[in-house]
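Mapped onto my numbering, the consecutive letters of the sequence shown carry residue numbers 383 to 489.
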Amino acid sequence: MKNLGSLMKQAQKMQENMARMKEELDNMEIEGTSGAGMVKVTLTGKGHARKVTIDPSLGGADDITVLEDLLVAAINDAKTKAEQQVQEKMQEMTGGIQLPPGMEFPF
383 MKNLGSLMKQ AQKMQENMAR MKEELDNMEI EGTSGAGMVK VTLTGKGHAR KVTIDPSLGG
443 ADDITVLEDL LVAAINDAKT KAEQQVQEKM QEMTGGIQLP PGMEFPF
């Protein structure tokens, strides 16, 4: 029974570490650029778009703001659809067996 108690403690610690890592990834910001810095995209560590910035020289300022918002929405929509497909594939691989609460793959 000692081994079972130890195993349960390890599983709880791993679950706590995973929750901490998920929070860190959600708070992390990574910026990608293209066009010599004329277009910038900021994502969280989990791949959610936070911000798109387009240099005003590429168009009118009013048009740029709308385009930036539309790009953020499109990026997040694509990410959501990708996550749904991953979940479907995971269910196929696990034969429909649900993971224990709190365990989500990929992060």
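By construction, the Cβ of each residue, glycine as well, lies at the ideal position given by its N, Cα and C atoms. Note that the structure is a prediction, hence the values are computed from the model and not measured.
* Relative to the C-alpha of S416, which residue among K463, T435, R402, H430 is closest? -> T435
* **L440 and I446 closer than 8 Å at C-beta** => yes
* E405 versus D444: straight-line alpha-carbon distance, rounded -> 34 Å
* **Three-way DSSP call (helix, strand, coil) for G463 in this model** => Per the sequence presented here, residue 463 reads as Lys, with Gly not at that position. K463 falls in the helix class under three-state DSSP.
* To do: Assuming N458 and A431 form a contact by the criterion Cβ under 8 Å, report the distance between their Cβ atoms to the nearest whole angstrom.
  => 5 Å
* May I ask you to report which of helix, strand or coil DSSP gives F489? => Note on F489: pLDDT 48, under 50, position unreliable in the model; the coordinate value appears next. DSSP places F489 in coil when its eight states are reduced to three.
* When the distance is taken between beta carbons, is G387 closer than 8 Å to L407? -> no
* Asked: Where does A418 sit, in a helix, a strand or coil, going by DSSP?
  -> coil
* Return the CA-CA distance between Q469 and A393, expressed in angstroms with no decimal places. => 23 Å
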